[in-house]
Amino acid sequence: MIVETAMDSLTITSWMREIDASMRLERDHLVQLDAAIGDGDHGTNMVRGFDAVVQALTESGAAPPGKLLILTGRTLVNTVGGASGPLWGSALRSGGRVLGDEPAFDGRQLVEVLEAALASIKDLGTASLGDKTMVDALEPAIDALREGVEAGRSLPEALDLATQAAEAGMRATTPLQARKGRASYLGERSVGHQDPGATSTALIIRALQRAITAGS
Ligand code: ADP
Ligand code: MG
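In my numbering, the protein residues as written are 15 to 230.
Next comes the structure, spelled out in structure tokens:
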């Protein structure tokens, strides 16, 4: 029997804590990746942003999960200077709006939240699949999650498949030439390096998988 995993505000808080912990662990790696094809601040950007998110969530009173995602997005926009701040910030605000004031959400709603987040990133950054950005990890992850949920898999299992898809998408950025963001200024010299934003995106999906597996 498949027991539906119910998610709520605690899921959002533990997702953000998991992201913060993994950004701290991977900070230097993300900095190195960004130093190769950007300006070397991606690791510090993500740590600064998610440290502030954890702080903001700790200080906020009880609120529904959608409102916590909106607070998360607003905090990222306000604390991260690089492109990744406004992109993830607007993404999570859009995702939060999907949930409105609902106290809990299920797997299908989680897919809708992430779809809205991706749409917002593509809208703001005008990147498509294959442009060597965070989209290359996020889009395949959402496709895998949707397929898993629709096939009736448990949420931890569907998120495991989503994590694998995000990591495959991340690795697939290496041979690509960047067409968006700072790395695109390098032209052909961006080929042969893994995209930092796709790398942190795979960490964000893995963190979601951990938060939901721990809570179910
Ligand atoms: P900055 O490039 O401003 O220094 P970061 O280093 O924090 O910002 O983030 C860089 C990452 O942001 C890139 O690796 C890429 O994945 C992502 N990115 C940059 N521009 C775009 C865009 N237009 N659309 C989607 N993602 C983008
Ligand atoms: Mg940078």
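Beta carbons: idealized from backbone N, C-alpha and C, even for Gly.
Bounds of the alpha helix (DSSP H) holding Glu164 are Val149 to Glu164. Apart from the 5 residues on each side of it in sequence, Leu200 sits with its Cβ closer than 8 Å to the Cβ of Ile51 and Ala192 in its chain, given in chain order. One thing to note: Ile156 has its Cβ within 8 Å of the Cβ of Glu129. For Asp42, the enclosing alpha helix (DSSP H) covers residues Ser23 to Ile51. In this structure, Gly87 lies away from Gly114, with their beta-carbon atoms at least 8 Å apart. Taken atom to atom, the span from the alpha-carbon of Asp22 to that of Ala118 is near 4 Å. Relative to ligand 1, the beta carbon of Asn92 is positioned no closer than 7 Å to any heavy atom. Three or more Cβ pairs drawn from the segment 85-102 and the segment 55-66 lie within less than 8 Å of each other, which places the two stretches in contact.
Contact check for Ser214 and His56: beta-carbon distance about 7 Å, within the 8 Å limit, so the pair qualifies. Around the CB of Asp42, fewer than 16 other CB atoms lie within 10 Å, so the residue is classed as exposed.
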